[in-house]
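Numbering (the numbering used here), first residue to last: 1 to 212.
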Amino acid sequence: MLNVACKSDNSKKEEVDTTAESAEVMEEPSEEALTGYKIGDVATDFSLKNIDGNNVALKDMTDAKGYIVIFTCNHCPYAVAYEDRIIALDKKYKEKGYPVVAINPNNPEKAKDDSFEKMQERAKDKGFTFPYLLDDGQKIYPQYGATKTPHVYILQKTDNGNVVKYIGTIDDNYEDESAVTVKYVENAVDALLEGKDVPVKETKAIGCSIKA
1 MLNVACKSDN SKKEEVDTTA ESAEVMEEPS EEALTGYKIG DVATDFSLKN IDGNNVALKD
61 MTDAKGYIVI FTCNHCPYAV AYEDRIIALD KKYKEKGYPV VAINPNNPEK AKDDSFEKMQ
121 ERAKDKGFTF PYLLDDGQKI YPQYGATKTP HVYILQKTDN GNVVKYIGTI DDNYEDESAV
181 TVKYVENAVD ALLEGKDVPV KETKAIGCSI KA
């Protein structure tokens, strides 16, 4: 079993969920899944501050067919390991109508590496091509039911609102992109673009716990 520790600013180490080195499909709802959005729910919009200082809402992206909403952060090793893949997802799917919208859910008082200023620095250093929003006051991530960074929610825009179509992890191997065998997010978005049912609707998010 892989042992990874996420460091907060006070250098305390916390246990990270590593029950599996690869993602596992959830056959039964976990206790975590009993709160927040479920597959088929309509997600309410939000307006959060982006790294450029302007607020961003989903409704602002008028050409979007849906959204890849990812709760992520600066300091978590899982989030860092997925950064290049998140950038690649945005570059691949933004023009097809499914842009990435990244949200930092952490309380900067608990994790100073996740302050707004550090978010701006990280986005510049990595060349983020997508909005990187601060969940100021931590009001949005509980609505979604996010518990880890990263934690993905794919929304499909419909006449009835933004419907949750996928919840979970990006793929089945955070450590080694070359060893990935199942690309859950790509498979889900590809299916939606083709008008098909999402093949795997929910997986277990593997990452660091959100700092409340």
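The beta-carbon is built from N, C-alpha and C at its ideal position, and this holds for glycine as well.
These numbers were taken from a predicted model, which means no experiment stands behind them.
Distance between S209 and D197, taken at the CA atoms: about 30 Å.
Here the alpha carbons of S178 and K118 stand approximately 29 Å from one another.
Apart from the 5 residues on each side of it in sequence, N107 sits with its Cβ closer than 7 Å to the Cβ of Q138, K211, A212 in its chain, given in chain order.
Comparing alpha-carbon positions, the option among V163, H151, E175, D159 lying closest to V185 turns out to be H151.
Per DSSP, the unbroken alpha helix (DSSP H) holding V80 starts and ends at 77-93. In summary, V42 is exposed, with fewer than 16 beta-carbon neighbours lying within 10 Å of its beta-carbon over all protein chains present. Beta-carbon to beta-carbon, I87 and T129 are separated by about 6 Å, close enough to satisfy the 8 Å threshold. The Cβ atoms of V101 and P131 sit closer than 8 Å to each other. With respect to the 8 Å criterion, D136 and N74 are not classified as neighbours on the basis of their beta carbons. By the criterion of a C-beta distance shorter than 8 Å, A123 is surrounded in its chain by I51, Y132, once the five residues flanking it on both sides are discounted. Here the alpha carbons of L58 and E202 stand approximately 22 Å from one another. For K201, no alpha helix (DSSP H) encloses it, and the DSSP letter there is neither H nor E. Proximity to K165 across D190, A79, L155 peaks at L155, based on C-alpha coordinates. N104 is classed as buried because its beta carbon has at least 16 other beta carbons within 10 Å across all chains shown.
About 16 Å separates the Cβ atoms of V189 and Y82, ruling out a contact at the 8 Å cut-off. Here the alpha carbons of R85 and F71 stand approximately 14 Å from one another. Restricted to the segment 100-132, the beta strand (DSSP E) segments that are unbroken, complete and at least 3 residues in length are 100-104, listed in chain order.
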